[in-house]
Ligand code: AMP
Ligand code: ZN
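Right under this line is the structure:
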């Protein structure tokens, strides 16, 4: 997608602070962290949101959650816990239209999130 900022990160046009990469998934530090650990996990394939997952592409969620599992252990937040969030649409406050999962950790997080 030509004007997608996360596709530009995937193809190297825009730099990122990479945390994890495999054939199908990329993870990098959020540029505006809301917690001591704030990582974004994205599919390399352009999928706009949770609502664009379907039978043909849903297997990417397995790859994404495998990556989240590895990243949480690698960053040492597995013992204390963390949060995984996929903001979706206007009410979800999704600002980038490329599916992404936030990993938030390193501090106690409030609930409800507001
Ligand atoms: P959301 O609001 O759920 O769509 O999340 C988008 C996230 O992308 C925000 O937390 C932004 O801080 C983050 N973000 C936007 N541009 C970049 C970038 N170039 N590198 C890293 N994170 C970014
Ligand atoms: Zn994209």
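Numbering (our numbering), first residue to last: 544 to 657.
We put the beta carbon where it would ideally sit given N, CA and C, even for glycine.
Would you mind giving the Cβ-Cβ distance between residue i and residue j, rounded to the nearest angstrom? I have them listed as a contact below 8 Å.
i, j, result
"residue 646", "residue 625", "6 Å"
"residue 590", "residue 642", "4 Å"
"residue 568", "residue 606", "5 Å"
With hydrogens ignored, establish whether the beta-carbon of residue i is closer than 7 Å to any heavy atom of ligand 2.
i, result
"residue 550", "yes"
"residue 559", "no"
"residue 641", "yes"
"residue 581", "no"
"residue 645", "no"
Within a Cβ cutoff of 8 Å, which residues of the same chain sit near residue i, ignoring the five residues on either side of it in sequence?
i, result
"residue 565", "606 and 610"
Starting from the C-beta of residue i, find all residues in its chain whose C-beta is less than 7 Å away, skip the five residues before and the five after it, and write them out in chain order.
i, result
"residue 650", "578 and 579"
"residue 586", "567, 568, 603, 607 and 642"
Leaving aside the five residues before and after residue i along the sequence, list all residues of the same chain whose C-beta is less than 6 Å from its C-beta, in chain order.
i, result
"residue 552", "559"
"residue 657", "none"
"residue 618", "580"
Test item, CB below 5 Å from any non-hydrogen atom of ligand 1: 573, 574, 575, 630, 637, 638 and 639
Across the stretch 570–585 and the stretch 610–625, are there enough close Cβ pairs to call them in contact, namely three or more that are closer than 8 Å? yes
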